[in-house]
Structures are given as C-alpha cells and as structure tokens.
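Input: a single structure, listed below in structure tokens.
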Amino acid sequence: MADAEPITWRQAIDMKEWKEAMIEELRSIERNRTWNLVELPQHKRAIEVKWIFKTKYKPSGEIAKLKARLVANGFLQQQGVDYTDVYAPVARLETVRLVVVVAVFSSWRIQQLDVKSAFLNGPLEEEVYVRQPPGFEKKGEEQKVYRLNKALYGLKQAPRAWNNHINALLLKLGFWKSSVEFGIYVKITELQNKLLVGLYVDDLLVTGDSEEEIDVFKERMKEEFDMTDLGKLNHFLGFEFVETANGVILHQKRYINEVLKRFNMSNCNNVPIPITANLKLADQPEEERVDASLYNQIVGSLRYICNSKPDISYGVGLLSRFMNEPRTSHMAAAKHVLRYLKGTSSYGLLFPKDSRSMKGILEVWCDSDWTGDKVDRRSTFGYFIRYEGAPISWCSKK
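Here the working numbering = 1-based position in the sequence shown + 566.
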C-alpha cells in the first residue's frame with residue numbers, strides 16, 4: 567500500500583493517475599458550488615486543507631478507482647466560532663442486517679447507492695474559510711482563501727450538514743423516519759407499495775416490494791445528487807453478500823484475510839474453537855508484558871469481525887478487558903482467535919429465503935455465568951436474537 571498510495575501531494579501531482587484523481591475531486595467541489603474565492607476578512611482565520619489518497623478495491627480485490635480527497639483540518643476549528651452541533655445519526659449494523667433479512671425473506675430486490683462527495687452537499691450555517699488546495703493555488707491570487715458555502719470533508723459539522731440535507735429530501739419525497747432508528751426511512755405509496763431506505767452516511771440501501779418504485783426513487787436521487795448506482799447489493803461497509811439458492815450469505819472473508827496478513831498470521835495453524843473452554847483470563851503481573859499497541863490493534867480488528875461472527879463475541883469480549891496492560895497469556899488467547907478465523911474465514915451468516923415454518927417468528931436466547939470474572943467477580947451476560955431464522959443481533963458483555 568505504501569508503494570501504491572502517495573504520502574504527500576507533491577508525490578501525487580507528479581503521477582498522472584493520481585493527478586487526474588485530484589483534478590476530479592476539485593471538479594466535484596466546483597460542480598457542487600461548495601466555495602467562493604474571497605479575501606480573508608479581518609479577525610477571521612482560514613483552516614488549512616490537505617490531500618488524502620486512497621486506492622478503492624472491488625470485492626474481488628481488483629482496483630476499482632484511485633480516490634483523492636481534499637480534507638479540512640477540522641481539529642483547528644473552535645466550538646461556537648467555526649461550528650456548533652456535530653451529531654449525525656447512522657443506521658446501526660444490527661438494523662442493516664435486519665433490513666437485509668426482511669428483504670431476502672420477502673424476495674425483495676436490494677439495491678445500493680453511493681453519493682459521490684456526499685459531504686459537499688450539506689449547506690453550512692457557520693462562516694468558515696479554508697486555504698487554497700496545495701498544488702492548485704490560483705496564480706496571482708495566492709493570498710486569497712475560499713469561503714465555504716457547503717461542508718467539506720474533515721469539518722466537524724460536515725456529517726450533520728449532510729444528514730440534514732438528505733433527511734429533508736427524503737421527508738419531502740414522502741418518507742417517514744423511524745422513531746427508534748434514525749437511519750431508516752419508510753414510504754408507503756398510494757398503491758400500498760412499500761419502500762425501505764437504510765442510510766449509513768453516504769451509502770444507501772434501497773429495497774421494497776415494487777421494482778418500479780425503486781427505479782423511480784433512484785432516478786429522483788440522481789437528479790438531486792451526483793450518485794453511483796452500485797446495483798445489486800454485494801459489498802457494504804466491509805461486508806460481502808453472496809446470493810445462493812437458500813438465501814443470502816453475509817461474510818467478511820476478504821477483511822479477515824487482510825487482518826491475518828497484517829498481524830503475520832496468514833500461515834498459522836487452524837484451531838477448531840474460538841476460545842479454549844473454561845478459559846479464565848486474569849491480570850498476571852508476574853508475566854511479561856507485550857506490545858499494548860499491537861494487542862489493541864488485534865482486539866479492535868476482532869471487534870469489527872464480531873459483526874459477522876457471533877461465535878467469537880465471547881472470546882473478544884474477554885480479551886477486551888486487558889487492553890491497558892496485556893501480558894503474554896492475553897496475547898496467546900488473541901492469537902488463538904486469529905487461528906480460529908484462519909480456518910473459518912469463508913464461513914458466514916445465512917439469511918434464508920421465504921419459509922412458511924419461520925414466518926414472523928422472533929427468537930431470543932440469553933444466558934449468564936455467575937461471578938465468572940476472576941478479577942472482580944462480576945458476571946458475563948450474553949444474548950442472541952434471530953428473526954425469520956436469520957441472526958440479527960448478539961452480544962456478550964461483563
């Protein structure tokens with residue numbers, strides 16, 4: 567990755583492909599009328615901007631495109647001066663799974679949309695100025711700055727500005743927002759057709775019982791935003807979806823392989839269980855310390871994998887209790903989970919198609935050990951929830 571992606575804009579501007587990506591980013595900004603070139607008013611401060619470079623890949627591992635992103639240094643902003651509110655809701659991953667379950671079970675078509683430069687669409691209420699992009703300063707006007715009309719990536723209020731914009735549009739189109747999940751929008755048409763939209767920042771899942779309504783919605787969104795129609799759902803937020811005769815399988819094989827490679831575990835031996843039975847980890851001051859940064863990175867990666875593998879939730883929760891001062895026994899248990907993932911990377915969750923025997927059934931299991939923690943004698947509680955025979959939510963916590 568270090569060889570493929572430039573570190574500085576000076577390196578990128580000398581490479582034809584990356585320079586074209588930078589120019590395309592500036593074109594998107596200009597098309598959205600994001601800023602105006604002005605003199606910096608007295609008593610105002612301009613925020614620095616920088617270029618971020620990223621190679622986008624297809625699910626197959628092939629390069630999809632080279633992306634250059636102009637980002638504001640939002641950490642220089644001051645609350646009450648450059649920004650006020652910053653909160654913006656997104657759909658929870660449990661809700662994303664539930665939407666897919668409902669769609670697969672009902673034989674609905676699931677489509678995915680991506681808004682190009684989404685944060686450039688959110689109008690700003692505050693008065694914000696930024697420096698000219700490095701490498702693309704206007705000749706003879708280098709001292710001028712851009713006043714932002716719309717949000718730029720990196721600004722603290724950018725997520726909220728974008729969410730307010732798309733929320734207003736969806737409500738205008740006749741959708742109503744779920745009262746318990748602000749990232750989900752539902753519309754029932756005059757013909758009683760249902761349309762369901764899941765919003766995760768700039769990624770949209772669209773499904774419903776009418777393909778015509780889905781196509782109408784997609785065209786309306788393309789009129790309002792510069793969007794990419796990704797077609798049938800197959801890759802979303804790092805999850806891969808594979809359609810089979812029995813339903814749709816969700817897995818993270820590619821991400822798991824990347825994690826194994828990152829921590830030099832690609833050639834490790836497999837183990838059949840995620841954690842040793844009756845393993846009771848505890849603080850071990852007599853043991854040798856391990857690299858806490860490396861340990862935290864492993865646990866952080868495992869926590870994301872938990873979103874498609876409920877079988878490792880307990881083990882990862884156990885490992886998370888020792889992130890301050892990990893010892894050799896804790897690292898050995900973490901590597902044990904990685905060895906389990908090595909042998910089960912292609913395993914996934916099945917979201918089954920219509921089954922009369924499961925129609926409308928919600929199943930919940932829960933259990934708890936009793937004072938199972940050896941350090942503070944607290945209990946570990948866990949639950950597992952299935953809807954229509956498909957797992958949608960699970961948890962293991964002390």
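Don't be surprised by glycine CBs; every beta carbon is placed ideally from N, CA and C.
Going by C-alpha positions, Arg726 is about 5 angstroms away from Val652.
Membership of Ala634 in the beta strand (DSSP E) is indicated by the continuous run 629-638. Buried is the label assigned to Thr661, since at least 16 other Cβ atoms lie within 10 Å of its Cβ. Around the beta-carbon of Phe947, fewer than 16 other beta-carbon atoms lie within 10 Å, marking it exposed.
In the structure shown, the three-state DSSP call for Phe783 is helix.
In the structure shown, the three-state DSSP call for Ser683 is coil.
In the same chain as Ile841, and ignoring 5 residues on each side of it, the C-beta atoms closer than 6 angstroms to its own belong to Gly881, in chain order. Looking at the DSSP output, Gln863 sits in no beta bridge, so it has no partner there. Between the segment 711-723 and the segment 688-698 there are three or more inter-stretch CB-CB distances shorter than 8 angstroms, so the stretches are counted as touching.
Using a Cβ distance threshold of 8 angstroms, Gln677 and Lys798 count as a contacting pair.
Excluding its 5 nearest sequence neighbours in each direction, Ser886 has C-beta neighbours in its own chain below 6 angstroms: Val865, listed in chain order.
Straight-line measurement puts the Cα of Lys964 at about 16 angstroms from the Cα of Asp849.
Note on Glu628: under 16 other CB atoms within 10 angstroms of its CB, so exposed under the neighbour-count rule.
For Gly764, DSSP records a beta bridge to Ile750, Leu771.
DSSP, read as helix, strand or coil, puts Lys622 in strand. Just measuring C-alpha positions, the residue of Val681, Val667, Lys682 sitting nearest Arg675 is Val667. With respect to the C-alpha of Val681, the residue from Lys846, Leu796, Arg944 having the closest C-alpha is Leu796. Excluding the 5 residues flanking it on each side, Leu845 has same chain C-beta neighbours closer than 7 angstroms at Ala899, in chain order. Taking the CA atoms as reference points, Thr600 sits about 15 angstroms from Ile613.
In the three-state reduction of the DSSP assignment, Phe917 falls in the strand class.
Under the DSSP definition of a beta bridge, Tyr953 partners with Leu928, Ala956. Distances from the alpha-carbon of Lys753 to those of Leu928, Ser776, Arg943 put Ser776 closest.
By the criterion of at least three beta-carbon pairs nearer than 8 angstroms, the segment 750-770 is in contact with the segment 722-741.
Straight through space, the alpha carbons of Tyr906 and Phe702 are spaced by roughly 49 angstroms.
It is roughly 13 angstroms from the alpha-carbon of Ser945 to the alpha-carbon of Cys932. Counted as a single uninterrupted DSSP element, the alpha helix (DSSP H) harbouring His902 occupies residues 894-910. Closest option to Tyr623, judged by alpha-carbon separation, among Trp617, Val615, Leu632, Lys616: Leu632. Secondary structure note for His609: it is in no alpha helix (DSSP H), with a DSSP letter that is neither H nor E. Around the Cβ of Pro851, a 10 Å sphere holds fewer than 16 other Cβ atoms; the residue is exposed. About 7 angstroms separates the CB atoms of Cys834 and Leu904; that is less than 8 angstroms, so the two are in contact. Leu603 sits in a strand when the DSSP states are folded into three classes.
Uninterrupted beta strand (DSSP E) stretches at least 3 residues long and entirely within the segment 686-731 occur at 711-714, given in chain order. DSSP places Val667 inside the alpha helix (DSSP H), whose first and last residues are 659-671.
In this chain, the beta strand (DSSP E) harbouring Met793 covers 793-798.
If you compare the alpha carbons of Ser959, Glu954, Ile958 with that of Phe671, the shortest gap goes to Glu954.
Contact between Ile958 and Leu664 holds: their C-beta atoms lie close to 5 angstroms from each other, under 8 angstroms.
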